[in-house]
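Notes to accompany the following structure.
2 protein chains.
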Amino acid sequence: MAKFMDVHQNMVGITAEELRAAHMADLAIEGDESVHFEQAWADPEAGVVYCLSEAPSREAVQRIHERTGHPADEIHPVPLIV
Amino acid sequence: MAKFMDVHQNMVGITAEELRAAHMADLAIEGDESVHFEQAWADPEAGVVYCLSEAPSREAVQRIHERTGHPADEIHPVPLIV
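Listed in order, the protein sequences are those of chains Z and F. Residues in the first sequence are numbered consecutively from 21, following the working numbering. Residues in the second sequence are numbered consecutively from 21, following the working numbering.
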């Protein structure tokens, strides 16, 4: 298992409700890929969402995000944390 | 006070030691701008560092990062968190 930070662009105007709904959709099926989405942060003005997860691979993260309709634009393994 | 996610590019090969040293340098002077750097995540292969803070403004975050020699490439207010 490793930590990943993924980035979603083009989310201008995302609301707290929408962010929560997207996160809950991910949580509902994340177990299928042994992923856990820990937290997400959104800048609605710039339309960027950052999403921190623990997962077996980048591909596993993306499969969940794709199934819930919001594929990530970037997925970075982040082995260094301070 | 607000939450910010800042992004540093061109950090290919950053080590755990270097990330820690950069974070400690920020922590040592963050009080001058009423900023608190909470956590940082690095992808040494892609050379990207994500840094989460609480601060009075984007400019305050950048002033600390500039003084410690690693200005951010992007600083996003992230008012939505889940």
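Built from N, CA and C at the ideal position, the CB exists for glycine as well.
The segment 72 to 96 of chain F: which residues have C-beta closer than 7 angstroms to a C-beta of chain A, in chain order?
The structure shown contains no chain A; its protein chains are Z and F.
Tell me, which residues are paired with Z:M31 by DSSP?
Here residue 31 of chain Z corresponds to residue number 11 of the first sequence, with the count starting at 1. In DSSP, Z:M31 forms no bridge with anything.
Simplified DSSP state of F:M25, which is helix, strand or coil
Mapped onto the second sequence, residue 25 of chain F falls at position 5. If DSSP states are grouped into helix, strand and coil, F:M25 belongs with the strands.
Is the Cβ of Z:V98 closer than 7 angstroms to any Cβ of chain F?
Within the first sequence, the letter at position 78 stands for residue 98 of chain Z. Chain F, which has a Cβ nearer than 7 angstroms to the Cβ of Z:V98, makes this yes.
Assess, as a yes-or-no matter, whether the segment 86 to 93 of chain Z is touched by the segment 23 to 31 of chain F under the definition of 3 or more beta carbon pairs within less than 8 angstroms.
no
Which residues mark the beginning and the end of the alpha helix (DSSP H) in which F:A45 is found?
In the second sequence, residue 45 of chain F corresponds to position 25, counting from 1. Unbroken alpha helix (DSSP H) run through F:A45: 36 to 49.
One or two residues paired with Z:E74 in a DSSP bridge
If you number the first sequence from 1, residue 74 of chain Z lands on position 54. Per DSSP, Z:K23, Z:H56.
Could you tell me whether the Cβ of F:L39 comes closer than 7 angstroms to any Cβ of chain Z?
In the second sequence, counting from the first residue as 1, residue 39 of chain F sits at position 19. So yes, F:L39 belongs to the interface.
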